[in-house]
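Q: Each protein sequence line maps, in turn, to chains R and U.
In terms of the working numbering, the first sequence opens at residue 1 and continues consecutively.
In terms of the working numbering, the second sequence opens at residue 1001 and continues consecutively.
Cβ atoms here follow ideal geometry from the backbone N, Cα and C, with glycine treated the same way.
Pasting a structure here, questions to come.
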Amino acid sequence: MSKNKFLKILFSALLVITMAFTATTSAYAATGTKKVTSSGTMSLALKTGQTGNSSEVTFRVSGLPANAVITKLEVNPGSLKYSGAVLTNYLTVASSNRSSAEKVTWNGKENTTLSTNGFLASKANGTYTISFNATCISGAISHGMILDIGSKSYSNPYITIYWDDSF
Amino acid sequence: MRVGNDKSLVQSRQPSGTEKRGSVSSPDYTDFHFNTKTAPAMSDEKYKTAIIEQAKKDQAAGKFQSDSAGFRNLVKSYVSAVSPDRKNIISQGLRAIYKNTRQEPKTFNLLDYMFGSVKYSKEADDVSYAEFYDSNGEMVASFSNGRWISYGTKAEDARESQLWGIYNQAWNSAARANGGTTSSIDVTG
């Protein structure tokens, strides 16, 4: 057998092995991202000086591979409306697949991407809820008078799930 | 694929009504989403074996992680071993709030007690908001609008992640041994 023929056979064999391995891997593993939107609103109304949690927005995620797990979970809290001076303290993210909620640092900026860090390797399909915590510094101004109540809301939030089923 | 959303509550716990102090009912500590310190049921080595066995069993049954009641029970038992004593932190915190007879500002109060500290707002006997902290200063629960939320401590989060890692590896190994995954692959953007 000539040297060239030997190299051709060797190359072909390596190519077949590589393709077989790639095919096997792709049959077992997939990754992807899923953006889940909501038309819901997180909102609260507080008396001046008070702190509280907002109403929740819930996202239901299904149809991903049964064993898909989260590699990254991001939250966009949506568009802001407010009256008075209401200071956002943090975002709370919870999942049906995790035993506790996570407190995510957030300055209250609208339409921003917030990263969580406690969901890595948890099941991706499930139910997720978000809410925020805020403190009313000063009430709204109405007809030249400062009221005792301020309010804040975030609409159309969404979550982005990065998943992998071989993790 | 079905993806939707609504306003139903998931993790915020409605009061169980089993115990009440003032206007506040205690959380339900038997719930998957509300852990309190519990003695471990077995050694960590035995937990690891139990997690692997649970993964194999779930894979054979076509279940994954929280689909399985056995998995949820195991998570609760495994994580609760490092949980703060939420039950005492909350009950003693509420006791301190209602025992406090000093003139209180209408806004935010802070009380320290043996098990931790609590920040709260109270008007007359009505506690509208409270945050409970353990002795390390980590917030372990909040109460607002009649709803409880349990926040994971660093130790709890690390232990739950560890369990997911052991379980996922065993589940995927079982799937490969059984000749493939149990679901179709669905990559979406």
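#1: Decide if serine 1043 of chain U is buried, meaning its Cβ has at least 16 other Cβ atoms within 10 Å, or exposed.
#2: The beta strand (DSSP E) with valine 1082 of chain U in it runs from where to where?
#3: Considering only the alpha carbon of each residue, which of R:Tyr128, R:Ser100 and R:Asn67 lies closest to alanine 1174 of chain U?
#4: Should the region 1117–1125 of chain U be regarded as contacting the region 1029–1049 of chain U, the criterion being three or more beta carbon pairs within less than 8 Å?
#5: Please return the same chain residues whose Cβ sits closer than 6 Å to the Cβ of valine 86 of chain R, not counting the five positions on each side in sequence.
#6: Does alanine 66 of chain R have its Cβ less than 7 Å from a Cβ in chain U?
#7: Give me the chain U residues within the contact set of alanine 121 of chain R, using Cβ-Cβ distance strictly less than 7 Å, ordered along the chain.
#8: In this structure, does DSSP put tyrosine 1120 of chain U in helix, strand or coil?
#9: For a test of the three-state rule: what should DSSP assign to serine 1023 of chain U, helix, strand or coil?
#10: Residue range of the alpha helix (DSSP H) that alanine 1177 of chain U falls in?
#11: Within a Cβ cutoff of 6 Å, which residues of the same chain sit near alanine 1130 of chain U, ignoring the five residues on either side of it in sequence?
#12: Tell me whether glutamate 180 of chain R is buried or exposed, calling it buried when 16 or more other Cβ atoms sit within 10 Å of its Cβ.
#13: Determine which residues share a DSSP beta bridge with serine 79 of chain R and list them.
#14: According to the Cβ coordinates, are tryptophan 1148 of chain U and proline 1040 of chain U closer than 7 Å?
#15: Between which two residues does the alpha helix (DSSP H) carrying lysine 1057 of chain U extend?
#16: Note down the Cα distance separating serine 1080 of chain U from lysine 1154 of chain U, rounded to an integer number of angstroms.
#17: When you check each C-beta in the region 59–88 of chain R against every C-beta of chain A, which residues fall closer than 7 Å?
#18: Do you know offhand how far leucine 1163 of chain U's Cα is from serine 79 of chain R's?
#19: Taking all protein chains shown into account, do 16 or more other C-beta atoms lie within 10 angstroms of the C-beta of alanine 46 of chain R, making it buried, or fewer, making it exposed?
#20: Relative to chain R, which residues along the region 1059–1076 of chain U have a C-beta separation below 9 Å, given in chain order?
#21: Does the CB of threonine 51 of chain R have a neighbour CB from chain U at under 7 Å?
#22: Would you mind working out which of R:Pro65, R:Ser131 and R:Tyr158 sits nearest methionine 42 of chain R, comparing C-alpha positions?
A: So, from the data block:
#1: The residue given as residue 1043 of chain U occupies position 43 in the second sequence. Flag for serine 1043 of chain U reads exposed.
#2: What you label residue 1082 of chain U is simply residue 82 of the second sequence in a count that begins at 1. Here valine 1082 of chain U belongs to no beta strand (DSSP E), and DSSP marks it neither H nor E.
#3: As a working mapping, residue 1174 of chain U is identified with position 174 in the second sequence. With distances taken between Cα atoms, alanine 1174 of chain U lies closest to R:Asn67.
#4: Short answer: they don't touch.
#5: Position 86 of the first sequence, counted from the start, is the residue given in the question as residue 86 of chain R. Around valine 86 of chain R: Ala134, Cys136, Gly150 and Lys152.
#6: Along the first sequence, one-based indexing puts residue 66 of chain R at 66. Interface residue, yes.
#7: The count along the first sequence starts at 1 and reaches residue 121 of chain R at position 121. Residues of chain U passing the Cβ test: Ser1161, Trp1164, Gly1165 and Asn1168.
#8: For the purposes of this step, residue 1120 of chain U is identified with residue 120 of the second sequence, where counting begins at 1. If DSSP states are grouped into helix, strand and coil, tyrosine 1120 of chain U belongs with the strands.
#9: As a position in the second sequence, residue 1023 of chain U is number 23, starting the count at 1. Coil, per DSSP.
#10: Numbered from 1 along the second sequence, position 177 holds the residue referred to as residue 1177 of chain U. 1154–1177 is the extent of the alpha helix (DSSP H) around alanine 1177 of chain U.
#11: Locating residue 1130 of chain U in the second sequence gives position 130, where the first residue counts as 1. Cβ neighbours of alanine 1130 of chain U beyond the five flanking positions: Val1118, Tyr1120 and Phe1143.
#12: Outside the shown range of chain R (1 to 167) lies residue 180 of chain R, about which nothing can therefore be said.
#13: Indexing the first sequence from 1 puts residue 79 of chain R at position 79. Its beta-bridge partners are R:Ser155.
#14: Within the second sequence, residue 1148 of chain U is the residue found at index 148, counting from 1. Within the second sequence, residue 1040 of chain U is the residue found at index 40, counting from 1. No, Cβ-Cβ distance for tryptophan 1148 of chain U and proline 1040 of chain U is not below 7 Å.
#15: Your numbering for residue 1057 of chain U matches position 57 in the second sequence. Element bounds for lysine 1057 of chain U: 1044–1060.
#16: Within the second sequence, the letter at position 80 stands for residue 1080 of chain U. Within the second sequence, the letter at position 154 stands for residue 1154 of chain U. Cα-Cα distance, rounded: 13 Å.
#17: No chain A appears in the structure shown, which is made up of the protein chains R and U.
#18: As a first step, residue 1163 of chain U is located in the second sequence; it is residue number 163 there, counting from the start. As a first step, residue 79 of chain R is located in the first sequence; it is residue number 79 there, counting from the start. About 37 Å.
#19: Locating residue 46 of chain R in the first sequence gives position 46, counting from the first residue. The identity of residue 46 of chain R in the sequence shown is leucine, whereas the question assumes alanine. Result: buried.
#20: Using a CB distance below 9 Å, the part of the region 1059–1076 of chain U facing chain R consists of Gln1059, Gly1062, Lys1063, Phe1064, Gln1065, Ser1066, Asp1067, Arg1072, Val1075 and Lys1076, ordered along the chain.
#21: Here residue 51 of chain R is taken as the residue at index 51 of the first sequence, counted from 1. At a cut-off of 7 Å, the C-beta of threonine 51 of chain R has a neighbouring C-beta in chain U.
#22: As a position in the first sequence, residue 42 of chain R is number 42, starting the count at 1. If we check each option's Cα against that of methionine 42 of chain R, R:Ser131 comes out closest.
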